[in-house]
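In this note's numbering, the protein residues as written are 73 to 564.
One structure is given here, and the rest of the page talks about it.
See the structure below:
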């Protein structure tokens, strides 16, 4: 293990996060014109936080200066796993230092929720916080959406540090189809797409009635499928069909693989045509919308069919892309609709997107493998050719899919038991929903952690536990779990 190289790379990461805080300080200067007390408090908390973060990052870079530039598999896994944990620790500083301040456990939960684009919160009243601090809260989701790793892969290209291993262990991107491409160029293209979609979303929201501040915040948390809002009522505050439709479009764009946009830019129409994951995903959402919309129409005398479809559509896209924006309390919906939403929470978005969940490609692959094994039970000699997105998955991909599903649902069970032990006031639904909402990076759950409640009532130990669960879900287990293996840390 090259510890000096680790210090150098993680130092660059912390410096980038510190620069994000400095950018938010610019808005704090503007906030001082309308709310001097809030503006000064934001400057103080963000200033100290940026200074501490950049200082530690610079120290790490100095320690690692002069080391080799080759990032091997072990270093890559440590950078990705430890990078997320350190990012959340740095990102929580404005909430600890500022007023009203959160406990360290609450602030770390809030920060991890941002960087993992989960959207769960312990803040009960957003109006009490400086707008610049809420802007930083949105920035954490924007940075986490495309993957902090991809952000500094583009920067590290100027420092000469290898990036393929880093990209392979960042779960939000699927680079299996870019073996012949330069990984750094792909990262830069993805960043351009990400920034472009964010800007387009913000301009549309501004034109539809949001203030520039609201539009920028919600654009960042929409493309990242994070779901943080600047209002306590979330998107329900605006009560605008046009805003809901616009946000739905961009949540969908964030929920499908960003590699599709690279294929379009490179005019790889054949590869785009072979993409079955996105097609199945859209079909799943359409079927769920029809089912839940009809259920709302049939069980609520005040809801017509079209209104039922409208109510269902926004919530379904918000939940399935793991954004978590809310326009109403879906916890009051019929049991059938809530069960379908739980299923959509587990499925999540597509591989290579900013969304969480099991991912649609694993659901498709698991279904095909299951059907194949069922047919083999009565036709043992039949030869099968299993294909996914135009390619044939090898045995390692099948094994990883089964391992992931085992880890995912095993974690749900164990973490729910631990939450139930630590939080005796939570009912069964709330305990499981708290874990589902954090593991699959959804945000709001159901029951006592539903869309009209939050995680503020949980014990600090539960908040730290669920913060780790968020990281496990965001990095898809392996990059976090390997940090606990002693053999990983041995020197070469």
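The beta-carbon is built from N, C-alpha and C at its ideal position, and this holds for glycine as well.
Supposed close pair residue 297, residue 342 - CB separation, criterion 8 Å: Not confirmed; about 28 Å, so no contact.
Rounded distance between the beta-carbons of residue 187 and residue 158, thought under 8 Å: That belief does not hold up - the Cβ atoms of residue 158 and residue 187 are roughly 10 Å apart, past 8 Å.
Looking only at DSSP bridge pairs, what is residue 463 linked to? 460
Other residues of its chain near residue 504: CB distance less than 6 Å, five sequence neighbours each side excluded: 488
Residue nearest to residue 81 in terms of C-alpha spacing, selected from 136, 116 and 348: 136
Sorted by chain position, which residues of the same chain lie with C-beta nearer than 7 Å to residue 212's C-beta, five sequence neighbours on each side aside? 163, 183, 186 and 187
Just checking my contact of residue 398 with residue 288 at CB under 8 Å: how many whole Å lie between their CB atoms? 20 Å between Cβ atoms; not a contact.
How far does the alpha helix (DSSP H) with residue 80 in it extend, from its first residue to its last? 75-106
Where do the N-terminal and C-terminal ends of the alpha helix (DSSP H) with residue 387 fall, by residue? 377-392
Give me the Cα-Cα distance between residue 409 and residue 392, rounded to the nearest whole angstrom. 13 Å
Identify the continuous alpha helix (DSSP H) that holds residue 369 and give its terminal residues. 349-371
Residue 251 versus residue 548 - alpha carbon distance: In this prediction, residue 251 has a pLDDT of 43, which is less than 50 and means its spatial position is unreliable; what the coordinates show is noted afterwards. Computed Cα separation, rounded: 22 Å.
With three or more C-beta pairs closer than 8 Å as the rule, is the stretch 369-379 touching the stretch 468-475? no
Taking the alpha-carbon positions, what's the residue 207 to residue 281 distance? 19 Å
Ignore the nearest five residues each way along the sequence and tell me which others in residue 395's own chain have a CB closer than 6 Å to its CB. 297, 299 and 323
Alpha helix (DSSP H) segments (min. 4 residues) lying fully within the stretch 269-331: 284-295 and 313-327
Going by beta carbon distance, what residues of the same chain come within less than 7 Å of residue 96, once the five residues before and after it are set aside? 118, 204, 207, 208 and 211
Same chain, Cβ closer than 8 Å to residue 470, five either side skipped, listed in chain order: 437 and 441
Quick one: using the 10 Å Cβ neighbour count with 16 as the cut-off for buried, is residue 456 buried or exposed? exposed
If I'm right that residue 114 touches residue 532 with Cβ under 8 Å, what's the distance once you round it to whole angstroms? Rounded, the Cβ-Cβ distance is 25 Å, inconsistent with contact.
Whole-angstrom distance between residue 78 and residue 130, CA atom to CA atom: 13 Å
Taking residue 325 as the reference, give the member of 303, 383, 372 and 266 with the closest Cα. 266
Spatial distance of residue 89 from residue 374 (CA atoms): 48 Å
Residue 191: which of 511, 550, 559 and 529 sits nearest, CA to CA? 511
Assign residue 310 to buried or exposed, taking buried as 16 or more other Cβ atoms, counted over all protein chains shown, within 10 Å of its Cβ. buried
Nearest-angstrom Cα distance between residue 458 and residue 468? 14 Å
Three-way DSSP call (helix, strand, coil) for residue 430 in this model: coil
According to DSSP, is residue 149 helix, strand or coil? helix
Distance, residue 364 Cα to residue 370 Cα: 10 Å
Output yes or no for whether 7 Å exceeds the beta carbon distance between residue 507 and residue 484. yes
List the whole-angstrom C-beta distance separating residue 545 from residue 415, where the pair is believed to meet the contact cut-off of C-beta under 8 Å. Actually they are not in contact, since the Cβ atoms of residue 545 and residue 415 sit about 17 Å apart, beyond 8 Å.
How many angstroms separate the CA atom of residue 180 from the CA atom of residue 519? 23 Å
Using a threshold of 7 Å, state whether the C-beta atoms of residue 382 and residue 368 are closer than that. no
At the level of alpha carbons, what is the spacing between residue 435 and residue 422? 10 Å
Alpha carbon to alpha carbon, how far is residue 109 from residue 201? 11 Å
Given residue 400, which residues of its chain have a CB within under 7 Å of its CB, disregarding the five upstream and five downstream residues? 308 and 383
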